[in-house]
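Peer 1: Could you have a look at this structure, given as structure tokens, before my questions?
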Amino acid sequence: MFFNEEYETLPRPALEALQLKRLQSTLERVYANVPFYKASFDAAGVTPSVVTHLEDLQKLPFTTKQNMRDSYPYALFAAPMEDIVRIHASSGTTGKPTVVGYTLKDINNWSELMARSFVSAGAHKGDIIHNAYGYGLFTGGLGAHYGAERLGASVIPISGGNTKRQIMIMQDFGSTVLTCTPSYSLFMAEEAKAEGIDFRNLKLRVGIFGAEPWSEAMRGEIEEKLNLAAIDIYGLSEIMGPGVAIECIEAKKGLHIWEDHFIPEIINPDTGQRVAEGEFGELVITTITKQGIPLIRYRTRDITSLTYEPCICGRTHARISRMSGRSDDMLIIRGVNVFPSQIEAVLVSIEGIEPHYMLVVDRVGTLDTLEVQVEVNEQLFSDEIKVLQSLSRRVEKEIKDMLGVTCTAKLVEPKTIQRSEGKAKRVTDNRKL
Amino acid sequence: MKVEQISIFIENKSGRLAEITRILGEAEINIRALSLADTSDFGILRLIVNDGAKATTVLKEAGFTVSKTEVVAVEVPDRPGGLSAILQTLDRETINVEYMYAFVERCGGNAVIIFRFDETDKAIAALEAHNFSMLEGSRLYNM
Numbered sequence: 010m011f012f013n014e015e016y017e018t019l020p021r022p023a024l025e026a027l028q029l030k031r032l033q034s035t036l037e038r039v040y041a042n043v044p045f046y047k048a049s050f051d052a053a054g055v056t057p058s059v060v061t062h063l064e065d066l067q068k069l070p071f072t073t074k075q076n077m078r079d080s081y082p083y084a085l086f087a088a089p090m091e092d093i094v095r096i097h098a099s100s101g102t103t104g105k106p107t108v109v110g111y112t113l114k115d116i117n118n119w120s121e122l123m124a125r126s127f128v129s130a131g132a133h134k135g136d137i138i139h140n141a142y143g144y145g146l147f148t149g150g151l152g153a154h155y156g157a158e159r160l161g162a163s164v165i166p167i168s169g170g171n172t173k174r175q176i177m178i179m180q181d182f183g184s185t186v187l188t189c190t191p192s193y194s195l196f197m198a199e200e201a202k203a204e205g206i207d208f209r210n211l212k213l214r215v216g217i218f219g220a221e222p223w224s225e226a227m228r229g230e231i232e233e234k235l236n237l238a239a240i241d242i243y244g245l246s247e248i249m250g251p252g253v254a255i256e257c258i259e260a261k262k263g264l265h266i267w268e269d270h271f272i273p274e275i276i277n278p279d280t281g282q283r284v285a286e287g288e289f290g291e292l293v294i295t296t297i298t299k300q301g302i303p304l305i306r307y308r309t310r311d312i313t314s315l316t317y318e319p320c321i322c323g324r325t326h327a328r329i330s331r332m333s334g335r336s337d338d339m340l341i342i343r344g345v346n347v348f349p350s351q352i353e354a355v356l357v358s359i360e361g362i363e364p365h366y367m368l369v370v371d372r373v374g375t376l377d378t379l380e381v382q383v384e385v386n387e388q389l390f391s392d393e394i395k396v397l398q399s400l401s402r403r404v405e406k407e408i409k410d411m412l413g414v415t416c417t418a419k420l421v422e423p424k425t426i427q428r429s430e431g432k433a434k435r436v437t438d439n440r441k442l
Numbered sequence: 004m005k006v007e008q009i010s011i012f013i014e015n016k017s018g019r020l021a022e023i024t025r026i027l028g029e030a031e032i033n034i035r036a037l038s039l040a041d042t043s044d045f046g047i048l049r050l051i052v053n054d055g056a057k058a059t060t061v062l063k064e065a066g067f068t069v070s071k072t073e074v075v076a077v078e079v080p081d082r083p084g085g086l087s088a089i090l091q092t093l094d095r096e097t098i099n100v101e102y103m104y105a106f107v108e109r110c111g112g113n114a115v116i117i118f119r120f121d122e123t124d125k126a127i128a129a130l131e132a133h134n135f136s137m138l139e140g141s142r143l144y145n146m
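Residue numbers (our numbering), protein chains in the order written: chain E, 10 to 442; chain A, 4 to 146.
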């Protein structure tokens with residue numbers, strides 16, 4: 010089943026011709042309208058005219074998250090503000106978030122790609138879509154919502170949280186499709202079980218899970234405990250939001266990236282050179298239809314591989330493999346993006362805490378846990394238990410307030426955290442995904 | 004009237020107490036009294052020793068976090084109600100006891116209790132006013 014059969018099954022030569030035309034038009038537009046790209050292209054000694062074939066994309070410089078931060082809030086926008094109808098921003102960052110703007114056409118394209126994604130996952134008009142992605146600045150909730158409406162399904166905009174109510178509504182409203190993070194789906198199933206509700210008896214048929222890394226083993230567990238087809242979806246707010254790529258229910262083997270809107274590349278994160286098809290590396294995406302904030306060769310920092318092999322579903326769009334990690338140190342904890350440097354910034358803002366810390370990430374049951382280990386030096390130490398306990402609570406609260414992630418603070422003896430020899434090891438990730 | 008106590012931070016993992024007592028033993032430091040306060044994650048070992056300065060130095064060299072605290076050693080008559088009389092006095096004066104523990108040795112016929120108050124000087128004055136006997140640090144360290 011397709012949502013837009015013509016475009017989803019466009020023969021490769023036609024698809025690539027369309028990509029080139031859209032790429033060239035995007036390049037002209039950003040070079041003329043966005044000072045950052047003018048400067049970046051000029052510094053690399055290139056102009057939009059160097060791109061006469063798709064292969065020429067490699068001649069252009071990369072765009073990074075830092076470039077986006079430096080352009081806060083609107084400097085990378087390629088459309089005038091009066092044409093921007095929606096603004097989203099990345100969640101949970103210290104300092105400034107990463108801001109993206111959408112024109113009406115961008116919203117329409119996003120809705121279509123998300124509708125395509127729903128169909129690829131096996132959803133259709135008539136489904137009742139229980140959308141438990143967060144609504145707000147985060148792109149997950151509204152992105153899935155608009156796609157569900159475009160599809161013509163009934164969408165329940167439940168957003169995240171309040172698990173008991175989620176379960177009641179899923180049961181009473183007869184939800185057939187669930188969208189949330191994979192770990193939250195398992196958490197809900199456990200909570201339901203505790204209340205005597207077996208998820209396998211609900212009407213759920215399809216689950217569309219994303220916003221955090223998961224594995225084939227976890228898919229098996231979800232499908233068994235929730236009795237639905239669990240589909241992996243990929244997206245990031247910088248590029249669009251959810252619906253950049255998704256698995257098809259026919260194969261469940263790799264995520265089709267909508268190539269009539271995005272050009273994917275896989276590079277070696279150290280050299281910046283492309284790797285061979287099928288090899289793992291960092292995903293780089295160029296947007297070729299976006300008006301609000303087009304991005305040229307955006308380094309996602311997500312590690313994956315790319316294949317152009319034909320898929321049994323009939324879609325001609327390339328597939329990326331399940332995300333296998335990050336080329337930077339970003340952690341995804343319960344769907345919240347966290348950089349160790351952000352936690353460090355919170356810690357050093359607390360008087361007396363030295364920047365020697367260790368983050369231990371684990372998964373207890375179905376939910377991620379974060380332990381922040383802080384060394385107790387003489388300045389922090391007290392002979393009274395209550396003083397040290399209030400220090401722990403303060404660390405936990407400030408991290409929650411600043412980053413939106415719940416953690417437990419653990420006080421450790423001085424010098425027990427490894428000192429940096431070159432690059433300090435700040436994170437132990439014990440999650441077995 | 005104040006007595007010097009040293010406090011040491013210990014993580015809740017095996018062998019830490021053994022390590023501290025080994026270091027003190029090798030430095031020929033004698034522990035006169037101790038108390039261990041603990042939570043599920045960490046503990047605070049509080050010691051009164053015969054040479055606080057030396058103990059602090061050797062423990063810091065071994066990488067421990069050590070701090071000094073002033074506490075008060077009060078003689079408590081070794082009979083029913085002995086401790087109660089002291090605590091009632093402190094309560095009337097609205098002085099809070101942060102923690103307390105017993106000294107190993109007796110002093111004459113009396114027990115010795117180590118007190119950590121929220122207001123040390125006020126506590127000493129109140130105890131003196133009510134004729135409770137307190138021990139000097141120098142005497143305590145070498146008892």
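The C-beta atom is built at its ideal place from N, Cα and C for all residues, glycine as well.
Please read all numbers here as calculations on a predicted model, not as lab measurements.
(1) Smallest Cα separation from L213 (chain E): which of E:P222, E:I176 and E:G229?
(2) Any C-beta of chain E within less than 8 Å: which residues of the region 96-114 of chain A qualify?
(3) Which residues share a DSSP beta bridge with T417 (chain E)?
(4) Measuring only between beta-carbons, confirm whether I394 (chain E) sits less than 9 Å from chain A.
(5) For N386 (chain E), which option in A:F12, A:V6 and A:K5 has the closest C-alpha, if you only look at C-alpha atoms?
(6) Taking 9 Å as the threshold (beta carbon to beta carbon), is I13 (chain A) in contact with chain E?
(7) Tell me the DSSP secondary structure of T24 (chain A) in three-state form.
(8) Less than 7 Å between C-beta atoms, sequence neighbours within five positions excluded: which residues of the same chain meet that for R331 (chain E)?
(9) Chain E beta carbons: is any one of them nearer than 9 Å to that of S87 (chain A)?
(10) Compute the beta-carbon to beta-carbon distance between E405 (chain E) and C416 (chain E), rounded to the nearest angstrom, for a pair I have assumed lies under 8 Å.
(11) Which ranges does the alpha helix (DSSP H) cover as unbroken runs of at least 4 residues, wholly within the region 320-408 of chain E, from first to last along the chain?
(12) Taking contact to mean at least 3 C-beta pairs separated by less than 8 Å, is the region 78-93 of chain E in contact with the region 41-52 of chain E?
(13) V6 (chain A) CB to nearest chain E CB: under 9 Å?
(14) To be precise: take each residue of the region 365-398 of chain E, compare its Cβ to all Cβ atoms of chain B, and keep it if any distance is under 9 Å. Which residues remain?
(15) Taking Cβ positions, are P70 (chain E) and I305 (chain E) nearer each other than 9 Å?
(16) Just to confirm the assignment, what range does the beta strand (DSSP E) spanning N140 (chain E) have?
(17) Give the interface partners of S70 (chain A) over in chain E, defined as CB-CB distance under 9 Å, in chain order.
(18) At least one CB of chain E closer than 9 Å to the CB of A126 (chain A): is that the case?
(19) In this structure, does DSSP put E221 (chain E) in helix, strand or coil?
(20) So I217 (chain E) and Y155 (chain E) are supposed to be a Cβ contact under 8 Å. How far apart are they, rounded?
(21) Within 10 angstroms of its Cβ, does S17 (chain A) collect 16 or more other Cβ (buried), or is it exposed?
(22) Check the Cβ-Cβ distances between I26 (chain A) and every residue of chain E, and say whether any is below 9 Å.
(23) Let me know if R26 (chain E) comes out buried or exposed under the rule of 16 or more other beta-carbons within 10 Å of its beta-carbon.
(24) Is the distance from the Cβ of Y104 (chain A) to the Cβ of L48 (chain A) below 9 Å?
(25) What residue range is occupied by the uninterrupted beta strand (DSSP E) comprising H154 (chain E)?
(26) Could you work out which residue in E:H62, E:P106 and E:S58 is closest to R78 (chain E) when comparing CA atoms only?
(27) Use the C-beta contact count for T42 (chain A): other C-beta atoms within 10 angstroms, 16 or more gives buried, fewer gives exposed.
(28) Does the beta-carbon of I352 (chain E) have 16 or more other beta-carbons within 10 angstroms, so that it is buried, or is it exposed?
(29) Check the Cβ of E256 (chain E) against every Cβ in chain A and list those closer than 7 Å, keeping chain order.
(30) Taking the alpha-carbon of E233 (chain E) as reference, which of E:M249, E:C189 and E:S194 has the nearest alpha-carbon?
(31) Across which residues does DSSP place I272 (chain E) in a beta bridge pair?
Peer 2: Working from what's here:
(1) Within the first sequence, numbered from 1, the residue matching residue 213 (chain E) stands at position 204. Comparing alpha carbon positions, the residue from E:P222, E:I176 and E:G229 closest to L213 (chain E) is E:I176.
(2) For the region 96-114 of chain A, the beta-carbon criterion of a distance under 8 Å to any beta-carbon of chain E is satisfied by E101 and Y102.
(3) Position 408 of the first sequence holds residue 417 (chain E). Looking at the DSSP output, T417 (chain E) bridges to E:E380.
(4) On the first sequence, residue 394 (chain E) is found 385 positions in, with the first residue counted as 1. Cβ-Cβ to chain A under 9 Å: yes for I394 (chain E).
(5) The residue labelled residue 386 (chain E) in the question sits at position 377 within the first sequence. Nearest to N386 (chain E) by alpha-carbon distance, out of A:F12, A:V6 and A:K5, is A:F12.
(6) Position 10 of the second sequence, counted from the start, is the residue given in the question as residue 13 (chain A). At least one chain E Cβ lies under 9 Å of I13 (chain A).
(7) Taking the second sequence and counting its residues from 1, the one referred to as residue 24 (chain A) is at position 21. DSSP places T24 (chain A) in helix when its eight states are reduced to three.
(8) One-based indexing of the first sequence puts residue 331 (chain E) at position 322. Hits under 7 Å: D241.
(9) The count along the second sequence starts at 1 and reaches residue 87 (chain A) at position 84. It does not: the Cβ of S87 (chain A) has no partner Cβ on chain E nearer than 9 Å.
(10) Reading the first sequence from its first residue, position 396 is the one you call residue 405 (chain E). Reading the first sequence from its first residue, position 407 is the one you call residue 416 (chain E). That belief holds up - the Cβ atoms of E405 (chain E) and C416 (chain E) are roughly 6 Å apart, short of 8 Å.
(11) Taking 4 residues as the minimum length, the alpha helix (DSSP H) runs contained wholly in the region 320-408 of chain E are 349-357, in order along the chain.
(12) A contact exists between the region 78-93 of chain E and the region 41-52 of chain E.
(13) Taking the second sequence and counting its residues from 1, one reaches residue 6 (chain A) at position 3. No, V6 (chain A) lies away from the interface with chain E (no Cβ there is under 9 Å from its Cβ).
(14) Among the protein chains of the structure shown, namely E and A, there is no chain B.
(15) Counted from its first residue, the first sequence places residue 70 (chain E) at position 61. Counted from its first residue, the first sequence places residue 305 (chain E) at position 296. Cβ atoms of P70 (chain E) and I305 (chain E): closer than 9 Å.
(16) Walking along the first sequence from the start, residue 140 (chain E) turns up at place 131. Residues I137 to N140.
(17) Position 67 of the second sequence, counted from the start, is the residue given in the question as residue 70 (chain A). Going along chain E in sequence order, the residues near S70 (chain A) (Cβ under 9 Å) are E387, F390, S391 and D392.
(18) The residue you call residue 126 (chain A) lines up with position 123 of the second sequence. A126 (chain A) is outside the set of residues whose beta carbon lies under 9 Å from a beta carbon in chain E.
(19) Here residue 221 (chain E) refers to the residue found at position 212 of the first sequence. Coil at E221 (chain E), not helix or strand.
(20) Here residue 217 (chain E) corresponds to residue number 208 of the first sequence, with the count starting at 1. Here residue 155 (chain E) corresponds to residue number 146 of the first sequence, with the count starting at 1. The pair is not a contact, with the Cβ atoms about 14 Å apart (cut-off 8 Å).
(21) Locating residue 17 (chain A) in the second sequence gives position 14, where the first residue counts as 1. Exposed.
(22) Here residue 26 (chain A) is taken as the residue at index 23 of the second sequence, counted from 1. No, I26 (chain A) does not count as interfacial toward chain E.
(23) Here the question's residue 26 (chain E) lines up with position 17 in the first sequence. Rather than Arg, the amino acid found at residue 26 (chain E) in this sequence is Ala. Label assigned to A26 (chain E): exposed.
(24) Taking the second sequence and counting its residues from 1, one reaches residue 104 (chain A) at position 101. Taking the second sequence and counting its residues from 1, one reaches residue 48 (chain A) at position 45. No; because the gap between Cβ atoms is not below 9 Å, this pair is not in contact.
(25) What you label residue 154 (chain E) is simply residue 145 of the first sequence in a count that begins at 1. No beta strand (DSSP E) contains H154 (chain E), which is instead part of the alpha helix (DSSP H) from T148 to L160.
(26) Your numbering for residue 78 (chain E) matches position 69 in the first sequence. Residue E:P106 holds the alpha-carbon nearest to the alpha-carbon of R78 (chain E) among E:H62, E:P106 and E:S58.
(27) For this step, residue 42 (chain A) is matched to residue 39 along the second sequence. Flag for T42 (chain A) reads exposed.
(28) Position 343 of the first sequence holds residue 352 (chain E). It is buried - the Cβ of I352 (chain E) has at least 16 other Cβ atoms within 10 Å.
(29) Taking the first residue of the first sequence as 1, we reach residue 256 (chain E) at position 247. Under the 7 Å cutoff, chain A gives no residues; its nearest Cβ is about 42 Å from E256 (chain E).
(30) As a first step, residue 233 (chain E) is located in the first sequence; it is residue number 224 there, counting from the start. Considering only alpha carbons, the answer is E:S194.
(31) Walking along the first sequence from the start, residue 272 (chain E) turns up at place 263. DSSP lists E:T295 as partners of I272 (chain E).
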